[in-house]
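This report refers to the structure that appears directly beneath it.
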Amino acid sequence: RESNHAIITAVGFTLPAEGFRFLKVSRIKPKGVSVLSIAAVLEQAPDGTVSSARISLGCMADRPMRATAAEKALFGRTLTCDGIAPALAAAGDGTSPVTDPIASAWYRNEVLPVHLGRLLLG
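Numbering (this note's numbering), first residue to last: 164 to 285.
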């Protein structure tokens, strides 16, 4: 059996120039285990409305997942408190968080809309 003793010294990738947002919620700062994580890539039309939204959630299921209901609810809306309200209401659709020593499923469901709102308005 041949073995390759190569060592990876760097990995490179390009982040989206605009519209990328990430939020990690943990109880211990700065490097605590995630209670919740949210990543989003948003594109806006010239009039300021959302033309494309991709939102992923960590810790809201047994693996990372897309928040497709929230993505659809953002389409054509502005990033204002009123504009994002339907997306916040739909944020938990299809999620199935677990209760673990870090946080309960109830808590994760309760804080998801709060932190998604902060991410979208931030």
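C-beta: ideal position from N, C-alpha, C; glycine also.
Keep in mind it's a predicted model, so treat the numbers as computed, not measured.
| query | result |
| --- | --- |
| Residue range of the unbroken beta strand (DSSP E) whose run includes residue 261 | Premise fails: residue 261 is in no beta strand (DSSP E) and is neither H nor E. |
| Candidates 272, 274 and 265: closest to residue 195 by CA position | 265 |
| Cβ-Cβ distance between residue 250 and residue 237 below 8 angstroms | yes |
| Residue 194, DSSP secondary structure in three states | coil |
| Residue 263 beta carbon less than 8 angstroms from that of residue 232 | no |
| Exposure of residue 169, with buried meaning 16 or more beta-carbon neighbours within 10 Å | exposed |
| Assigned exposure category for residue 213 - 16 Cβ within 10 Å defines buried | buried |
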